[in-house]
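Sequences listed follow chains X, L, Y and V, in order. The working numbering numbers the first residue of the first sequence as 6 and each following residue consecutively. The working numbering numbers the first residue of the second sequence as 6 and each following residue consecutively. The working numbering numbers the first residue of the third sequence as 6 and each following residue consecutively. The working numbering numbers the first residue of the fourth sequence as 6 and each following residue consecutively. Where is the CB? At the ideal position from N, CA and C, for every residue including glycine. Report on the following structure.
Number of protein chains: 4
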Amino acid sequence: MMTGRITYGMVGGALSAFIGQVHRKAIALDPRAQVVAGCFTQRAEANRATGEFLGLDADRVYDDFATMAEREAARPDGIDAVCITTPNNTHYAIAKAFLEHGIHVVCEKPLCFTVAQAEELVALARAKDLVFAVTYTYAGYVMAKVMKEMIAAGKIGRIVAVNAEYAQDWLLDDLSDDPSASLDLSVWRKDPAIAGAANCVGDIGTHIEYLVHYLTGLTITRLLATTNHYGKPLDLNANMIVEYDNGANGAYWCSQIAAGNLNGLRVRIYGDQGSLEWEQHYPDYVRYTPKGAPTQTLSRGCGYITEKAGALSQLPAGHPEGLIIAFANIYSSVTTTLLKRRAGEVPDQADLDFPQVEDGASGVRFVSAVVQSAAQGSIWVATG
Amino acid sequence: MMTGRITYGMVGGALSAFIGQVHRKAIALDPRAQVVAGCFTQRAEANRATGEFLGLDADRVYDDFATMAEREAARPDGIDAVCITTPNNTHYAIAKAFLEHGIHVVCEKPLCFTVAQAEELVALARAKDLVFAVTYTYAGYVMAKVMKEMIAAGKIGRIVAVNAEYAQDWLLDDLSDDPSASLDLSVWRKDPAIAGAANCVGDIGTHIEYLVHYLTGLTITRLLATTNHYGKPLDLNANMIVEYDNGANGAYWCSQIAAGNLNGLRVRIYGDQGSLEWEQHYPDYVRYTPKGAPTQTLSRGCGYITEKAGALSQLPAGHPEGLIIAFANIYSSVTTTLLKRRAGEVPDQADLDFPQVEDGASGVRFVSAVVQSAAQGSIWVATG
Amino acid sequence: MMTGRITYGMVGGALSAFIGQVHRKAIALDPRAQVVAGCFTQRAEANRATGEFLGLDADRVYDDFATMAEREAARPDGIDAVCITTPNNTHYAIAKAFLEHGIHVVCEKPLCFTVAQAEELVALARAKDLVFAVTYTYAGYVMAKVMKEMIAAGKIGRIVAVNAEYAQDWLLDDLSDDPSASLDLSVWRKDPAIAGAANCVGDIGTHIEYLVHYLTGLTITRLLATTNHYGKPLDLNANMIVEYDNGANGAYWCSQIAAGNLNGLRVRIYGDQGSLEWEQHYPDYVRYTPKGAPTQTLSRGCGYITEKAGALSQLPAGHPEGLIIAFANIYSSVTTTLLKRRAGEVPDQADLDFPQVEDGASGVRFVSAVVQSAAQGSIWVATG
Amino acid sequence: MMTGRITYGMVGGALSAFIGQVHRKAIALDPRAQVVAGCFTQRAEANRATGEFLGLDADRVYDDFATMAEREAARPDGIDAVCITTPNNTHYAIAKAFLEHGIHVVCEKPLCFTVAQAEELVALARAKDLVFAVTYTYAGYVMAKVMKEMIAAGKIGRIVAVNAEYAQDWLLDDLSDDPSASLDLSVWRKDPAIAGAANCVGDIGTHIEYLVHYLTGLTITRLLATTNHYGKPLDLNANMIVEYDNGANGAYWCSQIAAGNLNGLRVRIYGDQGSLEWEQHYPDYVRYTPKGAPTQTLSRGCGYITEKAGALSQLPAGHPEGLIIAFANIYSSVTTTLLKRRAGEVPDQADLDFPQVEDGASGVRFVSAVVQSAAQGSIWVATG
């Protein structure tokens, strides 16, 4: 493993924020990486307290992201990369600011709001030759990587059908007929101005889109969709039928009103030689059915996992790894990539096995196409 | 329980036939019913041998169904009802013949090939005031009936999303690129002339359509679909998005090329107050999630099942009932209905809790709409 | 399949009785077998009504089993075999009476109360050369038979550990401290005078003992046990450690106070080359782990099941068979055996694949040893 | 949450060691804790490299633990606590050395080899008023803590039966008849001189003993056991029946030759008012059956988890936490306890919710009793 130290700064991630803490824990699992600066929130006191809790130098806790980008870029020991974990509507401006100062980026999804913004970020990152990771976390699970290798190796043959979904139930209360239970806009995910044109599709539907692409290599050429708003400003439930570049179809479903579903991301990939099934709730296991043979339950960490990605296991088989480790795998890839670049080495394909800015842009196009199809009576919309 | 004896005749169901034997076992579980006549196959020797194996009088084993309908109608002890378990393309003519002779009908699905035929059978059955059951078997499971009552009682509230599927893998070999592996037409299910305009949608997609309707009472107003033929004359895989009369959408998927799926009929019904999930592979159990509460696994036979249908349990909880009993429940309802009519009583709603000829007609309209939508670029097609 | 007709009579099995109905349904699934006589209960009216419901000749519905044995033996068309489904304390006398009249026997377990009685029945059956089946039902499941063949073929190697259990919860109410909730003796299973020296061990513990023996061929040489009565006359929960004739140990647990368990019979057999796991709640599936390889879920009915017993499947894979069919498999073996004997043929090993009177006797010895060990401070007791 | 910084040193845990890395990751998830010193291995070069990888000062990487204890105790900024992750036979001496220098201890299990050693460590820790945690990791899972609260609150009533097990299969190869496959003593866990008098019972059986005690508060008063060595110097499989101080029995099984089991720690606790079931492979879920009601699947993170321990969740429901977080929960409790003591506060019960040295001693007594019972023909052995 490439040794050395990479320093990260955070925009977002105050002590009370969920996803910011996850990013920090993921970074903490790798002794080669460290958070040394941040602009955690616009609430000054909480910002200061977060920095103190993390043991940061007070002068590296910034009031605004623009100042942070400028000053960190100017320091000889400035951060190598910034992690952006703020609400969706701010990703674009923050990412752009750090890129312009030559700082690598790790950004939460959705990357941004419009296809134009996305393309601008892609172009900027490539022009500046900067690393830009988008945290589609689930691709960080070891067994996701194992499935990707199995499919690439032809284990399930030509893909003929996909059925994938991401179901939650945390917005069920919004369906109440009680007017006092109307959509609580203090939750920014439900506010179109902050979350973007799509709620459910943007927040979790994009995870389906990316994960299926990551696993199979298939690209969606067109799609059609229905969305259900049930009187709310944003979609709560959506069904999509997609067509891939190999001619097969996939059915995607995302919902935030499906009682009993927590973070139910499930993918089932069917090929003419077999199938693979995986569920985020039990991420260490994959159900693999070779054509004509019994279904096998593959477990991360077992000796029969001969795919290269199996070596990323951090715990023995039967000891659950969980989401933090999936996240940490993404960060470790970024860290290794940055260390190799610093050392003048060329990162290899395994180092670069994290979601790129182009994947983030693809997600923005996907959301845009779903919104358009649903608005126009479920017509086919190209996503090219 | 209504006592007495009802006699059945069979068209189809030679010893080597799968579904015919299932019908016979279902009938055999009820001491009130008996098979006494048949036209089991057009192969004379096998026809005779089947009758003999069943201990039938030789003069009630017929060479053709028309003769059987005529003679049985003429006998003082003629059959009360006929069971039709022949290939799809013959259902219409056989059902019509027996109806015309005043004999009640139990018919396999799909009911027939065209909407016009279906409407004709509906009209004939109603004009003659005859019982006409269509064996959408899965509605015979006790827990399906329990779910139906729970939904009717408002246990999951207003339905906001449905996700249902029926996946198999027995046609995977047809995907081979090997020309010698081309579609084996000796299997009649794959021959459009015998099976109808749709294979996968007709054979198993219709089970989804009926079961969701049975459970929820929702009616599909329109649908759109993609079907995948992969070079074969009939569809092997299909995705459908449906719209119900309450405005919600459902996603249906059926496939006969999904490796690792056997008879994977699964329904998930989401309401604004909770959800229900059920899978045919484990038919005695239902997963019920009341909003905001843990998921409960309801088991057939347990004391907490207070719905009336729970009383249909034939075995204690934890002793699996299986498909034959689901089938038998449908037959027992038909038998009770016939006994009550004979006794001059009016069958109640519970007696009539079996799929009616109108349900069969609805299935034919569903298949027709799917075929049309897929052929016209996945446009919405009304099913009214 | 051997054709012909075998007639059965029943002792026990009035309309209101659970297990008697199961026997009748199991018989009904085979067109070669028929119930033609009975002494269903000592309540004369219910006895008569049961015969009528079943369509029996009134003169073949008997007031007592002794008369039934005598008269049926005297008739030219007398029953071939009797099914005994009465409370435990009556099995011995009834079985003996029919054997003495030369009538074959199918008897519920436990076979009888004492080792001496058991040995007498074994000797009598063998002396008279009569068929004597004991309905350890679970050995009738197709996948149990498949596991037996797999183990015999060495698929899991030398057996090194067994963990098996049968857990229920229907006696939980008996644990109440409320004196008014004291043991309801109207339920005969809880009355030592009727059920025998052991309740839980006798009723369900014996199923563990037989099933493990059936699957593995291993014989218990000695065992030790604890039983828990919690103030009741009979055991409600028991733990056993057994030693087999190959030197390995097994852990058995049976309970009728384990909340959430219905008829939770589970066996896990570990060999030095792999393992097998099976659960009665999902009887169509077996979990098979070859050493060093992923766990496979084997499904009844799939093409990869190459064991001979796989051919007993009555339904396609994915269509659950359930308990009635397991029971029917036992009856069909008995029926075939009787038909072959009538035809002067020698039944083969597959025909005789049903629990024999010696197996029933082995169960009586097992119960006796458990009771003795528990009474004497959990010492080892030989079961030879 | 108590803020401040606690520093840890490690004995054991070179880069190549499994469990040492787990400890380090667990520490890293809490920004309040830091590893600052170590004696990672006796291989000088690996020791140095580990320190460097972790970014430690070179003068705090020690050649031997005795020197480390002495020097760290002498430094004004010396470590607050030591983590001992070395092979079993060294725990006693190392723990004793650090205790004598007034340094708190976190030690892997088994605590030591003999009951006398264990009692000495207990006495020393108490005499010196030092914190001494033993890493029975599984008690760190949030849902284990939730179950503990549920049981304490009477949710399942009086406990009447326990069935618990820890099954693995990694020693299956040792069963080979091939003499060249004889027990590989380079694996220290298989060497009695290093691992202690029991392998399977000591390494994983003790996890059963502690977890059941932790969850239920029940203490084992006596036990009996069989162990299976299959020609090897240490036990590979063991069955135990225990008796608790409330009169109930429990069945424990541990095995390292059970094909298909990875780290299969499963506990099932049955009370007269309900039951709880939990499995380490899916640690975020608990199956809870209130008497007479459906089984509920409780998920960590859901709003209906009202037990205090639920608040320890670090991730939303449906995002798996995994073993590292369980470990981190134990370390965070230790860290909070140490911070409060430093601040002159009294740690409360929740702070002290980690396995204590007395629990470690209890484990040593358990192993000793199992070994004794098995050696003396499975007699009852008191564990008082």
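- Tyr215(L) carries a helical assignment under DSSP once its states are collapsed to helix, strand and coil.
- Closer than 7 angstroms to the CB of Thr224(Y) there is not a single CB belonging to chain V.
- Taken atom to atom, the span from the alpha-carbon of Ala366(L) to that of Cys44(L) is near 25 angstroms.
- The shortest CA-to-CA distance from Leu20(X) to any of Val217(X), Arg29(X), Ala166(X) is the one to Arg29(X).
- With the criterion set as a beta carbon lying under 9 angstroms from some beta carbon of chain L, the segment 316–331 of chain V has no members that meet it.
- Within the same chain, Ile11, Asp85, Ala86, His109, Val136 come within 7 angstroms of Leu343(L) by CB-CB distance, once the 5 residues on both sides are set aside.
- For Thr294(X), a Cβ of chain L is located within less than 7 angstroms of the residue's own Cβ.
- Assigned with DSSP and collapsed to three states, Glu312(Y) falls in coil, not helix or strand.
- DSSP places Tyr97(V) in the uninterrupted alpha helix (DSSP H) bounded by 96–105.
- Residues of the segment 249–268 of chain X with a C-beta atom less than 8 angstroms from some C-beta of chain V are Asn266, Leu267, Asn268, listed in chain order.
- Beyond the five residues adjoining it in sequence on each side, Lys133(X) comes within less than 7 angstroms, by CB distance, of Leu104, Gly107 in the same chain, given in chain order.
- The beta-carbon of Ala298(V) is placed less than 7 angstroms from the nearest beta-carbon of chain L.
- If you draw a straight line from the Cα of Val165(Y) to the Cα of Cys259(V), it is about 13 angstroms long.
- Its Cα nearest to that of Tyr275(Y), the residue Gly159(Y) stands out among Gly159(Y), Phe332(Y), Ile262(Y), Lys150(Y).
- In the three-state reduction of the DSSP assignment, Val376(L) falls in the helix class, which pools H, G and I.
- Contact of Ile335(X) with chain L is not assigned, every C-beta pair being separated by 7 angstroms or more.
- The shortest CA-to-CA distance from Val139(Y) to any of His212(Y), Cys205(Y), Ala202(Y) is the one to His212(Y).
- Taking a Cβ-Cβ cut-off of 7 angstroms, Thr46(Y) has no neighbours in chain X, whose nearest Cβ is about 46 angstroms from it.
- Non-local beta-carbon contacts of Ala203(X) in its own chain, meaning distances under 6 angstroms to residues more than five positions away in sequence, involve Asp240, Val372, Val376 in chain order.
- Apart from the 5 residues on each side of it in sequence, Ala387(X) sits with its Cβ closer than 7 angstroms to the Cβ of Thr226, Arg227 in its chain, given in chain order.
- Taking 7 angstroms as the CB threshold, Asn168(V) lines the interface with chain Y.
- Interface residue (Cβ-Cβ distance to chain Y less than 7 angstroms): Ala33(L) is classified as such.
- Residue pairing by DSSP puts Met245(X) in a beta bridge opposite Ala230(X), Tyr257(X).
- Contact between Pro295(X) and Gly306(X) does not hold, since the beta-carbon distance rounds to 21 angstroms and is not under 8 angstroms.
- Around the C-beta of Ala348(X), fewer than 16 other C-beta atoms lie within 10 Å, and the residue is accordingly described as exposed.
- When Cβ pairs closer than 8 angstroms are counted between the two stretches, the segment 229–247 of chain V is seen not to touch the segment 142–152 of chain V, the count staying below three.
- Against chain V, the CB of Leu281(L) has no partner CB under 7 angstroms away; the residue lies outside that interface.
- When the five nearest sequence neighbours on each side are left out, the beta carbons in the same chain lying within less than 7 angstroms of the beta carbon of Tyr249(V) are those of Leu223, Thr224, Ile225, Thr226, Gly255, in order along the chain.
- Residues are counted here when their Cβ sits less than 7 angstroms from a Cβ of chain Y; for the segment 198–231 of chain V these are Leu229, Thr231, given in chain order.
- Within chain Y, the residues whose beta carbon sits less than 9 angstroms from that of Trp385(V) are Gly382, Ser383, listed in sequence order.
- Within the same chain, Cβ atoms closer than 7 angstroms to the Cβ of Ala333(Y) are found at Ala31, Leu34, Asp35, the five residues on either side in sequence being excluded.
- Using a Cβ distance threshold of 7 angstroms, Leu317(X) and His324(V) do not count as a contacting pair.
- DSSP places Val136(L) in the coil class of the three-state scheme, outside both helix and strand.
- Among the CB atoms of chain X, one or more fall inside 7 angstroms of the CB of His286(V).
- Within chain Y, the residues Leu177, Leu180, Ser181, Ile262 have their CB atoms less than 8 angstroms from the CB of Asp277(V), given in chain order.
- The beta-carbon distance between Glu312(Y) and Leu320(Y), rounded to whole angstroms, is 17 angstroms. This is too long to meet the 8 angstroms contact definition.
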